[in-house]
Ligand code: FES
């Protein structure tokens, strides 16, 4: 299985289809607001993994009820709930997928294909049950569970092996030693200029706005893009940095994500000034 997944990650055969679908998803979900909602910016957490709990739970529960006597009606209701709730989960997943790396998109494409097959089979099962063919409905449900199970396995591979949807900045905190670390002489820090400094082996961005100084991990939470090469902009009166790779936007004060595709905040570090030297430490 591992060998198969490695081959899937590295095969270039899916790329023409993947690129076409990426363009289609991007043009269908064009509005920044809708894309941010689907990325989970408002939640501070990717939305897709949260939404998939409902269809998976409903479909699996329907399969359990199929094994019990006199539960046809309840199983049909659960199947309907799972089928309807799968649609927003799929849209949120497609929105995340369109901003992923090429290797992640290859696996994501097969993940989507398996889940679409599952959705089709569960829809067929629902139609069969609503027309009184419960035996066919049960069979289609079992096949649907198998397809959705394969999709879930690939989703796990995307999250835990390929780090899709996780905060790419946070593991860098493990490289920072406890205690306060000098960053720069305060007198040498220019106003309103994005600087990059090293803290142990970790790259951080430093931004001074009057008395307020931000020290933030440089590697973008989304896919490790270099925020030090980003643009400083004002969004709703707040000073933010825009990642040069896919445009995730974070407030420079506290690291809050303002626009995706990042679904989580960017890590900032506590600071202090001692003897004219700016210092930072682990949160
Ligand atoms: S790496 Fe994708 S937005 Fe920063």
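Numbering (this note's numbering), first residue to last: 11 to 293. Backbone N, C-alpha and C define an ideal beta-carbon position, used for all residues, glycine too.
**Asked** In whole angstroms, what is the alpha-carbon distance linking residue 64 and residue 102?
**Response** For the purposes of this step, residue 64 is identified with residue 54 of the chain shown, where counting begins at 1. For the purposes of this step, residue 102 is identified with residue 92 of the chain shown, where counting begins at 1. Roughly 14 Å separates the two Cα atoms.
**Message:** Between which two residues does the alpha helix (DSSP H) holding residue 288 run?
**Reply:** Working through the chain shown from its first residue, we reach residue 288 at position 278. No alpha helix (DSSP H) contains residue 288, which is instead part of the beta strand (DSSP E) from 287 to 290.
**Item:** Where residue 261 falls: helix, strand or coil (DSSP)
**Value:** The residue given as residue 261 occupies position 251 in the chain shown. Looking at residue 261 - three-state DSSP - the assignment turns out to be strand.
**Message:** By the DSSP assignment, the alpha helix (DSSP H) with residue 12 in it spans what residues?
**Reply:** Working through the chain shown from its first residue, we reach residue 12 at position 2. Per DSSP, residue 12 belongs to the alpha helix (DSSP H) from 12 to 20.
**Request:** Check residue 239 in the structure and name its three-state DSSP category.
**Result:** Indexing the chain shown from 1 puts residue 239 at position 229. In the structure shown, residue 239 sits in a helix (DSSP, three-state: H, G or I).
**Asked** From this set, 203, 176, 49 and 218, which residue's C-alpha is nearest residue 230's C-alpha?
**Response** Counting from 1 along the chain shown, the entry for residue 230 is found at position 220. Out of 203, 176, 49 and 218, 176 has the C-alpha closest to the C-alpha of residue 230.
**Message:** Which of the three DSSP states is assigned to residue 192 in this structure?
**Reply:** Here residue 192 refers to the residue found at position 182 of the chain shown. Three-state DSSP puts residue 192 in a strand.
**Asked** Can you find a heavy atom of ligand 2 that lies under 6 Å from the Cβ of residue 34?
**Response** As far as ligands go, the structure on display features ligand 1 and does not contain ligand 2.
**Message:** Considering only their Cβ atoms, is the gap separating residue 215 from residue 247 smaller than 7 Å?
**Reply:** Here residue 247 is taken as the residue at index 237 of the chain shown, counted from 1. Here residue 215 is taken as the residue at index 205 of the chain shown, counted from 1. Against a cut-off of 7 Å, the Cβ pair of residue 215 and residue 247 comes out as no contact.
**Prompt:** Is any heavy atom of ligand 1 found at a distance shorter than 6 Å from the C-beta of residue 230?
**Reply:** Position 220 of the chain shown, counted from the first residue, corresponds to residue 230. Indeed, a heavy atom of ligand 1 lies less than 6 Å from the Cβ.
**Item:** residue 96 versus residue 143 - alpha carbon distance
**Value:** For the purposes of this step, residue 96 is taken as residue 86 along the chain shown, with counting starting at 1. For the purposes of this step, residue 143 is taken as residue 133 along the chain shown, with counting starting at 1. Rounded to the nearest angstrom, the two C-alpha atoms are 23 Å apart.
**Request:** Express the C-alpha separation of residue 58 and residue 169 in angstroms, rounding to a whole number.
**Result:** For the purposes of this step, residue 169 is taken as the residue at position 159 of the chain shown. For the purposes of this step, residue 58 is taken as the residue at position 48 of the chain shown. It is roughly 12 Å from the alpha-carbon of residue 169 to the alpha-carbon of residue 58.
**Prompt:** Would residue 60 be called buried (16 or more neighbouring beta carbons within 10 Å of its own) or exposed?
**Reply:** Locating residue 60 in the chain shown gives position 50, counting from the first residue. So residue 60 ends up on the exposed side.
**Asked** Does at least one heavy atom of ligand 1 sit under 6 Å from the Cβ of residue 253?
**Response** Residue 253 sits at position 243 when you count from the first residue of the chain shown. Correct: residue 253 has its Cβ closer than 6 Å to ligand 1.
**Item:** Environment of residue 117 [buried if 16+ CB atoms lie within 10 Å]
**Value:** Counting from 1 along the chain shown, the entry for residue 117 is found at position 107. Result: buried.
**Item:** For residue 219, the first and last residue of its enclosing beta strand (DSSP E)
**Value:** For the purposes of this step, residue 219 is taken as the residue at position 209 of the chain shown. Start and end: 212 to 219.
**Request:** Count the C-beta pairs between the segment 196 to 206 and the segment 43 to 55 that are closer than 8 Å, then say yes if the count reaches three, no if not.
**Result:** Not touching, per the Cβ criterion.
**Request:** To the nearest angstrom, report how far apart residue 292 and residue 163 are at their CA atoms.
**Result:** Reading the chain shown from its first residue, position 282 is the one you call residue 292. Reading the chain shown from its first residue, position 153 is the one you call residue 163. Each residue's CA atom was taken as its position, placing residue 292 and residue 163 some 35 Å apart.
**Request:** Using a threshold of 7 Å, state whether the C-beta atoms of residue 235 and residue 255 are closer than that.
**Result:** For the purposes of this step, residue 235 is taken as the residue at position 225 of the chain shown. For the purposes of this step, residue 255 is taken as the residue at position 245 of the chain shown. Yes, the Cβ-Cβ distance between residue 235 and residue 255 is below 7 Å.
**Message:** Give the list of continuous alpha helix (DSSP H) stretches no shorter than 4 residues that lie fully inside the segment 120 to 195.
**Reply:** Listed in chain order, the alpha helix (DSSP H) runs fully inside the segment 120 to 195 are 144 to 166, counting runs of at least 4 residues.
**Request:** Give the DSSP-derived three-state secondary structure of residue 32 in the structure shown.
**Result:** Looking up residue 32 in the chain shown gives position 22. Reduced to three states, the DSSP call for residue 32 is helix.
**Item:** DSSP three-state assignment for residue 113, whether helix, strand or coil
**Value:** In the chain shown, residue 113 corresponds to position 103, counting from 1. Reduced to three states, the DSSP call for residue 113 is helix.
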